[in-house]
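Chemist: Quick note on numbering: UniProt numbering labels position 383 of the first sequence as 383, and the sequence is numbered without any gaps. Have a look at the structure that comes next, please.
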Amino acid sequence: MFASAPTTPLHLPHPAFRTRRPTLARCRSSFAPSSSSSSGGAPPPPPPPANPNHLIQTLCANGRLARAAALLPGLPAPTQRTYESLLIAAARAGDASLTAAVHRRLEADPVFRADPFLSTRLIESYAALGALPAARQVFDEAPARDIFVWNALLKALALAGHADEALARLSDMGRLAVPVDSYSYTHGLKACIAASASHAPRGAFARVREVHAHAVRRGYAAHTHVATTLVDCYAKLGVVAYAETIFFAMPERNIVSWSAMIACYAKNERPGDAIELFKEMIASDAGLVPNPITIVSVLNACAGVNALDHGKLLHAYILRRGFDSLVSVLNALMAMYMRCGRLEVGRRIFNWMGKRRDVVSWNSLISGYGMHGFGREAVQVFEEMVRAGLSPNIITFISVLGACSHAGLVDEGKELFESMADYSVTPRAEHYASMVDLLGRAGQLEEAVELIESMRIEPSPQVWGALLGACRIHGHVEFAEMACSHLFDLEPRNAGNYVLLADIYARAKLHNQVDVLKELLEEHALEKVTGCSWIEVKKKLHSFTSVDNKNPPVEQLQALIGEFVAQMKNEGYVPDTGIVHYNIEEEEKERILLGHSEKLAVAFGLINTGSGEVIRITKNLRLCEDCHSVTKFISKFTEREIVVKDVNRFHHFRDGICSCGEYW
DNA sequence: CTAGGGTTAG
1 MFASAPTTPL HLPHPAFRTR RPTLARCRSS FAPSSSSSSG GAPPPPPPPA
51 NPNHLIQTLC ANGRLARAAA LLPGLPAPTQ RTYESLLIAA ARAGDASLTA
101 AVHRRLEADP VFRADPFLST RLIESYAALG ALPAARQVFD EAPARDIFVW
151 NALLKALALA GHADEALARL SDMGRLAVPV DSYSYTHGLK ACIAASASHA
201 PRGAFARVRE VHAHAVRRGY AAHTHVATTL VDCYAKLGVV AYAETIFFAM
251 PERNIVSWSA MIACYAKNER PGDAIELFKE MIASDAGLVP NPITIVSVLN
301 ACAGVNALDH GKLLHAYILR RGFDSLVSVL NALMAMYMRC GRLEVGRRIF
351 NWMGKRRDVV SWNSLISGYG MHGFGREAVQ VFEEMVRAGL SPNIITFISV
401 LGACSHAGLV DEGKELFESM ADYSVTPRAE HYASMVDLLG RAGQLEEAVE
451 LIESMRIEPS PQVWGALLGA CRIHGHVEFA EMACSHLFDL EPRNAGNYVL
501 LADIYARAKL HNQVDVLKEL LEEHALEKVT GCSWIEVKKK LHSFTSVDNK
551 NPPVEQLQAL IGEFVAQMKN EGYVPDTGIV HYNIEEEEKE RILLGHSEKL
601 AVAFGLINTG SGEVIRITKN LRLCEDCHSV TKFISKFTER EIVVKDVNRF
651 HHFRDGICSC GEYW
């Protein structure tokens, strides 16, 4: 079911304290003269004797690594603090050889050789440099291992994505009676879900449950940090029910716990619940103050349900808290406006950001133009981005190729796809899916199939899905069957693929084949997702489904649509009944088309909004051809601007024309 | 001396 967008106002608390603007760190060395003592007439105090340990530490703090490193060999007795400074600075600068030099010096140092504090630091530095074998070696050779050393190793394993080894080390701790603590669990859990080429994600759920069970036995499962990490892990694995169980059972929840649960809903297609939970947190009076991360998660949820009003309240809150100094918050705000249909507002925020824009900001604008059908603008922004000296990344290309495919820019798309190598971006399945979509829609089906055959990676369901979609547009039965032979295998539970193929068969008048697919659907107990459209009128959400025609208002709406259709028929329109699979009378098919949820929502909007207002509709599926034609006509006939957001993109209907240019 | 949540795409 679809979570309805909450419409009661948010009551955001006054901030407990304002965020401080970042200030430049004052790095004054102990040798610097004190400015206040110069005016008193007294002679300046003599400089203190140079302490080589202090000197190295100061050099490290100022990033002057080369000089610090040069002083190390001549240093008779490094202190713990000196080793620490060097290790932290070396890791920050990505200097593996300096880290190794400090490591060697440390091994020869009789005072600190067995110091667990410095072993911890060494493991952390190696891990940050991506040198897991060295980190592991430090651990294995450490003369003394306290809990910090163990946890540092678990963190290193999590960072490297070695789930199995992390689990093995955790059980070592049990066997050796090392008392684990909450840190061991958080690192262990993160290791379970860390991306790793060598482990299938399938195993992640089992691993998380294993560590979870372990934590329950040791009484750590309710610990705030451990439980929050568990919520996050189950959220990332898509097991929302588990995340909920843990979250609602937590004895104490802080802002991070709430943010994790809000993000869980937002990520797992339950944006309405995310907004509700946010409101519950605000209302709970537990003194919890939303921070930038909380706000970003909620903005993301607002975009998911077109909850522009809530998004605007959050915008005001962002300004009040001074969060508009944070690029990540502005990026999320921009994306929210564009995903709620306000492309111009997103653009304005982008412009206002000026030099603070990062790759995410650019990607966001490119995808914004793309989802609104402005392919040329997206390509222009891409070029501007390159001129501004930013490197396009994987996501930039997914966005810009998607924009090309939404706008039918075949040549531009091909060129961009080929240029990926120039930016050292290796095409992933998503990029191929975009290209197949682009070529396929343009009718170049053979070329699309050739591209798939040339892939050096396994084609994902999205790639075959793009081919299948193109086959539907062009009525290509043979390639559709080829795509489905893979799709039915890769995602047997996706009803959409069966429906699309049935659609293609129906149009080709292969009714026996349609029946076979229907039987298949029944056999697998798969149900078509019901079409649903919603519209917000006077802060109230109204949703329509294609199936319910019991309410009297719906009859009235259908009658209104019927009038438009009659008018259209006079002008030569023929209802597109080919997409109705049932083997029934034409007249009945036309009646089914009249009941499509999007038409109902448009009619409702026409009746219930003022003549100058833009009608904004959201639909859970892709728009059907017939609804598209009818909406185009209505936009011209009634002189109304209609904006429809479907699963993939926006359609701006104006004066009988749609911004998608028939590409969607 | 360590730790938990977020942004762009699909």
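Heads up, the beta-carbon is just placed ideally off N, CA and C, and yes, glycines get one too. None of these values were measured; they are calculated from a predicted model.
Please list the terminal residues of the continuous alpha helix (DSSP H) segment that includes Ser399.
Modeler: Locating residue 399 in the first sequence gives position 399, where the first residue counts as 1. Per DSSP, Ser399 belongs to the alpha helix (DSSP H) from Ile394 to Ala407.
Chemist: Taking 7 Å as the cut-off, decide whether the C-beta atoms of Leu98 and Ala90 are in contact.
Modeler: Residue 98 sits at position 98 when you count from the first residue of the first sequence. Residue 90 sits at position 90 when you count from the first residue of the first sequence. Result yes, Cβ atoms of Leu98 and Ala90 sit closer than 7 Å.
Chemist: Mapping DSSP to helix, strand and coil, what is Ile457?
Modeler: Position 457 of the first sequence, counted from the start, is the residue given in the question as residue 457. If DSSP states are grouped into helix, strand and coil, Ile457 belongs with coil.
Chemist: So, do the stretch 540 to 547 and the stretch 313 to 329 have three or more beta carbon pairs nearer to each other than 8 Å?
Modeler: As far as the Cβ criterion goes, the stretch 540 to 547 does not touch the stretch 313 to 329, which means the pair count is below three.
Chemist: Expressed to the nearest angstrom, what Euclidean distance is found between the alpha-carbon atoms of Leu157 and Leu129?
Modeler: By 1-based counting over the first sequence, the position of residue 157 is 157. By 1-based counting over the first sequence, the position of residue 129 is 129. Roughly 13 Å between the two C-alpha positions.
Chemist: Are there three or more Cβ pairs, one per stretch, closer than 8 Å when the stretch 489 to 504 is compared with the stretch 601 to 612?
Modeler: Output reads no: the stretch 601 to 612 does not touch the stretch 489 to 504.
Chemist: Quick check: the Cα distance between Gly440 and Cys471, rounded to an integer number of angstroms?
Modeler: Sequence index remark: in the first sequence, residue 440 carries index 440 (1-based). Sequence index remark: in the first sequence, residue 471 carries index 471 (1-based). In a straight line, the C-alpha of Gly440 is about 7 Å away from that of Cys471.
Chemist: Measuring CB to CB, does Arg405 end up less than 7 Å from Ser364?
Modeler: The residue you call residue 405 lines up with position 405 of the first sequence. The residue you call residue 364 lines up with position 364 of the first sequence. This sequence places Ser at residue 405; Arg is not what is there. No, these two residues do not count as a Cβ contact at 7 Å.
Chemist: So the candidates are Leu451, Leu438, Lys236 and Ile457; which of them puts its Cα closest to the Cα of Thr426?
Modeler: Walking along the first sequence from the start, residue 426 turns up at place 426. Answer by Cα proximity: Ile457.
Chemist: Strictly by DSSP, which residues pair up with Phe653?
Modeler: Position 653 of the first sequence holds residue 653. The partner list for Phe653 (beta bridge, DSSP) reads Ile642 and Cys658.
Chemist: For the candidate residues Trp534, Tyr663, Ala263 and Ala378, whose alpha-carbon lies nearest to that of Pro292?
Modeler: As a first step, residue 292 must be located in the first sequence, where it is residue number 292. Closest option to Pro292, Cα to Cα, is Ala263.
Chemist: Excluding sequence positions up to five away, which residues of its chain have a Cβ less than 7 Å from the Cβ of Cys27?
Modeler: Position 27 of the first sequence, counted from the start, is the residue given in the question as residue 27. In this prediction, Cys27 scores a pLDDT of 33, lower than 50, which makes its location untrustworthy; the coordinate-derived value is nonetheless stated afterwards. The answer, listed in chain order, is Ala61 and Asn62.
Chemist: Between Asn393 and the ligand ATP, is there a pair consisting of the residue's CB and a ligand heavy atom that are separated by less than 6 Å?
Modeler: The ligand ATP is not among the ligands present in this structure, which contains no ligands whatsoever.
Chemist: With distances taken between CB atoms, is the gap from Ile275 to Ala301 smaller than 7 Å?
Modeler: One-based indexing of the first sequence puts residue 275 at position 275. One-based indexing of the first sequence puts residue 301 at position 301. Their beta carbons are under 7 Å apart, which means Ile275 touches Ala301 by this criterion.
Chemist: Val537 bridges to which residues according to DSSP?
Modeler: Along the first sequence, one-based indexing puts residue 537 at 537. Paired residue(s): Lys540.
Chemist: Between which two residues does the alpha helix (DSSP H) holding Lys589 run?
Modeler: Counting from one through the first sequence, the residue named residue 589 turns up at place 589. Taken as a continuous stretch (DSSP letters only), the alpha helix (DSSP H) holding Lys589 covers Glu586 to Leu594.
Chemist: Below 7 Å CB to CB, which residues in the same chain sit around Gly94 once its five sequence neighbours on both sides are set aside?
Modeler: In the first sequence, the residue the question calls residue 94 occupies position 94. Only Leu129 meet the Cβ criterion.
Chemist: Compare the beta carbon distance of Thr228 and Val256 with 7 Å and say whether it is the shorter of the two.
Modeler: On the first sequence, position 228 is the one that residue 228 refers to. On the first sequence, position 256 is the one that residue 256 refers to. Yes. Within cutoff.
Chemist: Can you tell me the Cα-Cα spacing of Pro392 and Arg428, whole angstroms?
Modeler: Position 392 of the first sequence holds residue 392. Position 428 of the first sequence holds residue 428. Straight-line Cα distance between these residues: approximately 14 Å.
Chemist: Would you call the stretch 343 to 354 in contact with the stretch 635 to 646, where contact means no fewer than 3 C-beta pairs closer than 8 Å?
Modeler: The stretch 343 to 354 is not in contact with the stretch 635 to 646.
Chemist: Exposed or buried, which one is Asn254 when buried takes at least 16 other CB atoms within 10 Å?
Modeler: Stepping through the first sequence from its first residue, residue 254 is reached at position 254. That one is exposed.
Chemist: Relative to the alpha-carbon of Asp646, which residue among Ala144, Leu59 and Asn306 has its alpha-carbon at the smallest distance?
Modeler: The sequence position of residue 646 within the first sequence is 646, counting from 1. Comparing Cα-Cα distances from Asp646 to each of Ala144, Leu59 and Asn306, the minimum goes to Asn306.
Chemist: Less than 8 Å between the CB atoms is what I'm expecting for Thr186 and His225, so what's the real figure, rounded?
Modeler: Along the first sequence, read from residue 1 onward, the residue named residue 186 stands at position 186. Along the first sequence, read from residue 1 onward, the residue named residue 225 stands at position 225. Contact flag correct, Cβ pair sits at about 6 Å.
Chemist: Assign Arg649 to one of two classes, buried (16 or more other C-beta atoms within 10 Å of its C-beta) or exposed (fewer than that).
Modeler: Within the first sequence, numbered from 1, the residue matching residue 649 stands at position 649. Buried: at least 16 other Cβ atoms inside 10 Å.
Chemist: Who are the near neighbours of Leu308 in its chain, counting only those whose CB is closer than 6 Å to its CB and skipping five residues on each side?
Modeler: Position 308 of the first sequence, counted from the start, is the residue given in the question as residue 308. The answer, listed in chain order, is Cys340.
Chemist: So what does Thr618 bridge to, in DSSP terms?
Modeler: Reading the first sequence from its first residue, position 618 is the one you call residue 618. According to DSSP, Thr618 bridges with Trp534 and Lys645.
Chemist: Report the CB separation of Gly373 from Cys624 in whole angstroms; it is logged as a contact under 8 Å.
Modeler: The residue given as residue 373 occupies position 373 in the first sequence. The residue given as residue 624 occupies position 624 in the first sequence. Going by Cβ atoms, the distance from Gly373 to Cys624 rounds to 18 Å, so no, they are not a contact pair.
Chemist: Return the Cβ separation of Tyr234 and Val208 in integer angstroms, given the expectation that the two are a contact with Cβ distance under 8 Å.
Modeler: Translated into positions along the first sequence, residue 234 becomes position 234. Translated into positions along the first sequence, residue 208 becomes position 208. That pair is a contact at about 7 Å.
Chemist: At what residue ranges does the UniProt repeat "PPR" (146 to 180) contain a whole run of the beta strand (DSSP E), taking only runs of 3 or more?
Modeler: The UniProt repeat "PPR" (146 to 180) contains no whole beta strand (DSSP E) run of 3 or more residues.
Chemist: Looking only at its own chain, which residues have a Cβ that is under 6 Å from the Cβ of Pro251, when we skip the five neighbours before and after it?
Modeler: Reading the first sequence from its first residue, position 251 is the one you call residue 251. Cβ neighbours of Pro251 beyond the five flanking positions: Ala222.
Chemist: Count the other C-beta atoms from every protein chain shown that fall within 10 angstroms of the C-beta of residue 674, then say buried if there are 16 or more, exposed otherwise.
Modeler: Here the chain covers residues 1 to 664 and nothing more, so residue 674 does not appear.
Chemist: I'd like to confirm the pairing. Which residues does DSSP put opposite Thr545 in its beta bridges?
Modeler: The residue you call residue 545 lines up with position 545 of the first sequence. Answer is Cys532, bridged to Thr545.
Chemist: Run through DSSP, which three-state label would Phe31 get?
Modeler: For this step, residue 31 is matched to residue 31 along the first sequence. Annotation note: pLDDT 34 at Phe31 (below 50); position unreliable, no value reported.
Chemist: Which term fits His524, buried or exposed, when burial requires 16 or more other beta carbons within 10 angstroms of its beta carbon?
Modeler: Your numbering for residue 524 matches position 524 in the first sequence. Label assigned to His524: exposed.
Chemist: With DSSP run on the structure shown, which of helix, strand or coil describes Phe417?
Modeler: What you label residue 417 is simply residue 417 of the first sequence in a count that begins at 1. Helix, per DSSP.
Chemist: Go through its chain and collect everything with a Cβ distance to Ile504's Cβ below 7 Å, but skip five positions before and after it.
Modeler: Counted from its first residue, the first sequence places residue 504 at position 504. If we look at Ile504 and ignore the five residues flanking it on each side, its Cβ neighbours are Cys471, Arg472, Gly475, Val477 and Ala480.
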